[in-house]
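Numbered continuously in this note's numbering, the sequence shown closes out at residue 270.
Remarks on the structure that follows.
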Amino acid sequence: MAITIKSPREIELMRESCRRLSLVHDELAKIIRPGISTKEIDRVCIELIRGYGGTPNFLHYHGYPASVCVSVNEEVVHGIPREDHIIKEGDIVSLDTGMIYQGYHSDAARTHAVGQISAEAQKLIDVTRQSFFEGIKMARAGKHLHDISNAIAAYVTPFGYGIVRDLVGHGIGKELHEQPQIPNYAQRRRGPKLRAGMTLAIEPMINMGTSDVEWLDDEWTVISADHSLSAHYENTVLITDGEPEILTLRSTG
Ligand code: MF3
Ligand code: CO
Numbered sequence: 018m019a020i021t022i023k024s025p026r027e028i029e030l031m032r033e034s035c036r037r038l039s040l041v042h043d044e045l046a047k048i049i050r051p052g053i054s055t056k057e058i059d060r061v062c063i064e065l066i067r068g069y070g071g072t073p074n075f076l077h078y079h080g081y082p083a084s085v086c087v088s089v090n091e092e093v094v095h096g097i098p099r100e101d102h103i104i105k106e107g108d109i110v111s112l113d114t115g116m117i118y119q120g121y122h123s124d125a126a127r128t129h130a131v132g133q134i135s136a137e138a139q140k141l142i143d144v145t146r147q148s149f150f151e152g153i154k155m156a157r158a159g160k161h162l163h164d165i166s167n168a169i170a171a172y173v174t175p176f177g178y179g180i181v182r183d184l185v186g187h188g189i190g191k192e193l194h195e196q197p198q199i200p201n202y203a204q205r206r207r208g209p210k211l212r213a214g215m216t217l218a219i220e221p222m223i224n225m226g227t228s229d230v231e232w233l234d235d236e237w238t239v240i241s242a243d244h245s246l247s248a249h250y251e252n253t254v255l256i257t258d259g260e261p262e263i264l265t266l267r268s269t270g
């Protein structure tokens with residue numbers, strides 16, 4: 018499948034799906050505290066998504082059993098919510114969730130600090146978030162896809178962090194994962210030219226140590242190979258003829 022260009026009507030529906038998802042994230046941010054189980058986060062998330070008129074798009078996606086990925090500390094992405102996984106003071110917690118609204122997908126991730134965390138952990142979270150904003154400086158019609166990848170990598174690399182290579186960002190629209198794949202590490206080729214009407218989920222995943230990752234026996238949870246902390250930040254973005262529109266970022270982020 019080629020990269021889809023959304024019509025004005027489709028863009029309106031993407032905006033609405035993404036706006037509602039940003040509200041879900043704002044609500045989830047408020048419930049992250051020591052003592053909550055990752056499963057409880059999932060229950061709240063399902064309620065919120067449905068409350069905003071959406072359908073959880075992660076739930077049952079290739080058999081994934083929840084509406085949200087909750088990835089704690091050395092978990093990179095795709096952490097499965099569990100009753101017996103209790104969030105504690107000092108954790109860093111990545112929440113990745115999405116919805117379908119009137120046929121259109123949205124996808125976004127945030128990494129939260131639980132209470133007091135180390136200065137090193139906070140810096141990892143901040144650099145990961147900022148790398149997204151460095152990347153989208155290149156998210157403009159006429160630039161090339163890998164200008165985004167290279168901008169993310171150029172910003173992150175001097176910190177000595179490991180940029181995860183086994184997972185990438187993606188196009189998004191009627192499907193959760195559409196073309197193109199969007200690497201967060203340096204590319205030699207330019208990749209496809211960006212055009213107004215493309216909607217992209219840009220999602221750097223950054224480890225404090227090695228970029229290598231491993232999969233747990235649950236077949237979903239991705240962890241850093243050296244068990245170092247990992248952060249994730251993602252928004253669904255619309256390419257326009259001017260500034261990119263960050264569709265999943267409204268009030269906070
Ligand atoms: N946001 C995730 C991604 O784009 C989607 C996870 S799919 C799930 O990689 F099934 F794990 F939820
Ligand atoms: Co995504």
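Ideal placement from N, C-alpha and C gives every residue a C-beta, glycine not left out.
Cβ contact check for the segment 115–127 and the segment 73–83: 3 or more pairs under 8 Å | yes
Can you list the residues near the ligand CO, meaning Cβ strictly closer than 6 Å to any non-hydrogen atom, in the order they appear in the chain?
-> D124, H187, A218, E220 and E251
Output the distance between the C-alpha atoms of L162 and L211, rounded to the nearest integer angstrom.
-> Taking the first residue of the sequence shown as 1, we reach residue 162 at position 145. Taking the first residue of the sequence shown as 1, we reach residue 211 at position 194. Cα to Cα, the separation comes out at about 6 Å.
Residues that DSSP places opposite T72 in a beta bridge = Along the sequence shown, read from residue 1 onward, the residue named residue 72 stands at position 55. For T72, which the question treats as bridged, DSSP gives the partners I117.
Could you check where the alpha helix (DSSP H) with V181 kicks off and where it finishes?
-> Within the sequence shown, residue 181 is the residue found at index 164, counting from 1. Here V181 belongs to no alpha helix (DSSP H), and DSSP marks it neither H nor E.
D59: CB within 6 Å of a non-hydrogen atom of the ligand MF3 | Counted from its first residue, the sequence shown places residue 59 at position 42. Not under cutoff, so the answer is no.
Could you check if I263 is buried or exposed, using at least 16 other CB atoms within 10 Å of its CB as the buried criterion?
-> On the sequence shown, position 246 is the one that residue 263 refers to. Classification of I263: buried, given that the 10 Å Cβ count is 16 or more.
Give, in chain order, every unbroken run of the beta strand (DSSP E) that is at least 3 residues long and sits entirely within the segment 155–241.
-> With a minimum length of 3 residues, the continuous beta strand (DSSP E) runs that stay inside the segment 155–241 are 186–188, 195–199, 216–219, 222–224, 230–232 and 239–241.
Per DSSP, G255 is paired with what?
-> The residue you call residue 255 lines up with position 238 of the sequence shown. For clarity, residue 255 is Leu in the given sequence; the question names Gly instead. In the DSSP output, where bridge partners are listed per residue, L255 has T216 and E262.
Heavy atom of the ligand MF3 within 6 Å of D306 beta-carbon | Because residue 306 is not part of the residues shown, which for the chain are 18 to 270, the question remains open.
Mind checking P98: buried by the 16 CB within 10 Å criterion, or exposed?
-> By one-based count along the sequence shown, residue 98 stands at place 81. P98 comes out buried.
Classify I103 as helix, strand or coil using the three-state DSSP reduction.
-> Numbered from its first residue, the sequence shown carries residue 103 at position 86. The answer is strand: DSSP assigns I103 an E or B state.
If we ignore side chains and look at the alpha-carbon of each, how far apart do L255 and R127 end up?
-> One-based indexing of the sequence shown puts residue 255 at position 238. One-based indexing of the sequence shown puts residue 127 at position 110. Looking at the two C-alpha atoms, the distance is approximately 19 Å.
Where do the N-terminal and C-terminal ends of the alpha helix (DSSP H) with V41 fall, by residue?
-> Residue mapping note: residue 41 aligns to position 24 of the sequence shown, counting from 1. Unbroken alpha helix (DSSP H) run through V41: P25 to I48.
DSSP-derived helix/strand/coil call for D243 = In the sequence shown, residue 243 corresponds to position 226, counting from 1. D243: coil per DSSP, three-state reduction.
Using 10 angstroms around the beta-carbon of P200, count the other beta-carbons present and answer buried if the total reaches 16, otherwise exposed.
-> By 1-based counting over the sequence shown, the position of residue 200 is 183. By the 10 Å Cβ count, P200 comes out buried.
For H95 and L184, the rounded distance between their alpha carbons | Looking up residue 184 in the sequence shown gives position 167. Looking up residue 95 in the sequence shown gives position 78. Cα to Cα, L184 sits roughly 11 Å from H95.
Outcome for E64 when other beta-carbon atoms lying within 10 angstroms are tallied against a minimum of 16 = Position 47 of the sequence shown, counting from 1, holds the residue named residue 64. With fewer than 16 Cβ atoms within 10 Å of its Cβ, E64 is classed as exposed.
Helix, strand or coil: how does DSSP classify S84 here?
-> Here residue 84 is taken as the residue at index 67 of the sequence shown, counted from 1. The answer is coil: DSSP assigns S84 none of H, G, I, E or B.
To the nearest angstrom, how far is it from the Cα of V93 to the Cα of L266?
-> If you number the sequence shown from 1, residue 93 lands on position 76. If you number the sequence shown from 1, residue 266 lands on position 249. When rounded, the distance between both Cα atoms is 22 Å.
Cβ of T216 within 7 Å of Cβ of M31?
-> Taking the sequence shown and counting its residues from 1, the one referred to as residue 216 is at position 199. Taking the sequence shown and counting its residues from 1, the one referred to as residue 31 is at position 14. Yes, the pair counts as a contact, with Cβ atoms nearer than the cut-off.
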